[in-house]
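Trainee: Just so we're aligned: 261 in our numbering is position 210 of the sequence shown, and the numbers increase by one with no gaps anywhere.
Quick reminder that beta carbons are idealized off the backbone N, C-alpha and C, glycines included.
For reference, the structure I am asking about is given below.
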Amino acid sequence: MLKFTLRQLEYFAKVAETGSLATAAKALNISQPSISSAIAKLEDSMGIQLLVRHHAQGVTLTSAGGRMLLQIRDLLAHADDVRNRAQGLGENVEGRIHIGCFGPIASMYIPSLLTQFKSDYPHIELLIYEENIDTLLDGLGSNRYDVSIVYRLGVPESLRVESLTSLRPHVILPEGHALASRRSVSLQALAAEPMVLLDTPQSREYFLSLFADQGLEPRVSIRSPSFESVRALVANGAGYSILLTRPVTSSCYDGHRLVVRSIDNEVSSVDIVLVRPNGVRPTRLVNTFVEQCQNHFAAFQSNAAN
Numbered sequence: 052m053l054k055f056t057l058r059q060l061e062y063f064a065k066v067a068e069t070g071s072l073a074t075a076a077k078a079l080n081i082s083q084p085s086i087s088s089a090i091a092k093l094e095d096s097m098g099i100q101l102l103v104r105h106h107a108q109g110v111t112l113t114s115a116g117g118r119m120l121l122q123i124r125d126l127l128a129h130a131d132d133v134r135n136r137a138q139g140l141g142e143n144v145e146g147r148i149h150i151g152c153f154g155p156i157a158s159m160y161i162p163s164l165l166t167q168f169k170s171d172y173p174h175i176e177l178l179i180y181e182e183n184i185d186t187l188l189d190g191l192g193s194n195r196y197d198v199s200i201v202y203r204l205g206v207p208e209s210l211r212v213e214s215l216t217s218l219r220p221h222v223i224l225p226e227g228h229a230l231a232s233r234r235s236v237s238l239q240a241l242a243a244e245p246m247v248l249l250d251t252p253q254s255r256e257y258f259l260s261l262f263a264d265q266g267l268e269p270r271v272s273i274r275s276p277s278f279e280s281v282r283a284l285v286a287n288g289a290g291y292s293i294l295l296t297r298p299v300t301s302s303c304y305d306g307h308r309l310v311v312r313s314i315d316n317e318v319s320s321v322d323i324v325l326v327r328p329n330g331v332r333p334t335r336l337v338n339t340f341v342e343q344c345q346n347h348f349a350a351f352q353s354n355a356a357n
């Protein structure tokens, strides 16, 4: 039978998170030899090496350590639930939650959501990961994240999905562009112009498919994986782009401005969804966060409609 303690698991999880015994020891307010000894005992108990120690360069996970980390995080989260209930904390929501989010969504919707969530539940710890959609979906499949907020593009049926809101694509153009004088723009008119493409997995395929569905092929002149860089390039006159997320401001970081126009053609909308692993028992914290997300996006959508 395996013999290890929750404290040993907590020490290992913190070292894996920080990549350093010294940093983890400081964060946990214990000595470095104590944390090193605890992890050594954990490795002996499990009969596997969890970490590779690099002299003066921190630590890295072994392949076995990486697999165990996913299970250990889940175990620690549920241990927190049990501890909170045993202590009779009632309505308190505590613990740590790992939240993945696609960059364009993160910058627009997430700050107010997380600020309110942290205000309502001050004892929680939020860890945010901004990645492309494919990376986030892969991370959910391996239980790296508790939840992820993404566009519903390429989301496999093996994951649990909660719809939050729906977005229709729009065109952005530099001020003074010939097509900017129109109230809406057709894909046919855009196809002859240089396009700045948001070049991330799933998003890229979706934007190109809008033209393909009309029998068109856009003139892609610049590709960028950065949402803000795409906006700035367009504002500086590099071409047009098509996006889903629409910030309130029309100004970019460098002060240049762009205009937003609707698309004449019938085009498919895309849902923003909260995705989480199937078959993993959610903690009270995760369930509370899911409910908060649903309420937040419902309020956001209602305010946008008014």
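(1) Looking at the secondary structure, which residues open and close the alpha helix (DSSP H) in which Gly154 lies?
(2) Beta-carbon separation of Gly116 and Leu93 under 7 Å?
(3) Go through its chain and collect everything with a Cβ distance to Arg147's Cβ below 6 Å, but skip five positions before and after it.
(4) Residues bridged to Glu181 by DSSP?
(5) Check the DSSP bridge columns for His221 and list the partner residues they point to.
(6) Across which residues does DSSP place Glu213 in a beta bridge pair?
(7) Sorted by chain position, which residues of the same chain lie with C-beta nearer than 7 Å to Gly139's C-beta, five sequence neighbours on each side aside?
(8) Compute the Euclidean distance between the alpha carbons of Thr216 and Leu295, then round it to the nearest angstrom.
(9) Around the Cβ of Gln59, are there at least 16 other Cβ atoms within 10 angstroms (buried) or fewer (exposed)?
(10) Alpha carbon to alpha carbon, how far is Thr74 from Gln100?
(11) What residue range does the alpha helix (DSSP H) around Tyr196 cover?
(12) Residues in the same chain with beta-carbon distance under 8 Å from Gly141, minus the five sequence neighbours each way, listed in chain order, please.
(13) Under 7 Å Cβ to Cβ from Glu61, same chain only, skipping five residues before and after it: list those, please.
(14) Thinking C-alpha only, which one of Gln167, Val201, Ser237, Arg219 is nearest Gln343?
(15) What residues match up with Pro245 in a beta bridge as DSSP calls it?
(16) I'd like the span of the alpha helix (DSSP H) that includes Arg282, first residue to last.
(17) Measuring CA to CA, which of Glu181, Leu336, Asp305 is closest to Ala130?
(18) Cβ of Asp315 less than 7 Å from any chain B Cβ?
(19) Would you call Lys169 buried or exposed, if buried means 16 or more other Cβ atoms sit within 10 Å of its Cβ?
(20) Out of Pro162, Tyr291, Leu210, which one is the CA nearest neighbour of Leu230?
Mentor: Result, derived from the coordinates:
(1) 154 to 171
(2) Pairing Gly116 with Leu93 gives a Cβ-Cβ distance that is not under 7 Å.
(3) Glu176
(4) Cys152
(5) Leu294
(6) Leu325
(7) No answer about Gly139 holds up, because its pLDDT of 40 lies below 50 and its placement is not dependable.
(8) Those two C-alpha atoms are separated by around 12 Å.
(9) buried
(10) 20 Å
(11) Looking at the DSSP string, Tyr196 is not in any alpha helix (DSSP H), and its letter there is neither H nor E.
(12) Unreliable placement is indicated for Gly141, whose pLDDT of 42 sits below 50; no coordinate value is reported for it.
(13) Leu127
(14) Gln167
(15) Arg270
(16) Counting along the chain, the alpha helix (DSSP H) containing Arg282 begins and ends at 278 to 286.
(17) When only C-alpha atoms are compared, the closest one is Leu336.
(18) No chain B appears in this structure, which consists of one protein chain only.
(19) exposed
(20) Out of Pro162, Tyr291, Leu210, Tyr291 has the C-alpha closest to the C-alpha of Leu230.
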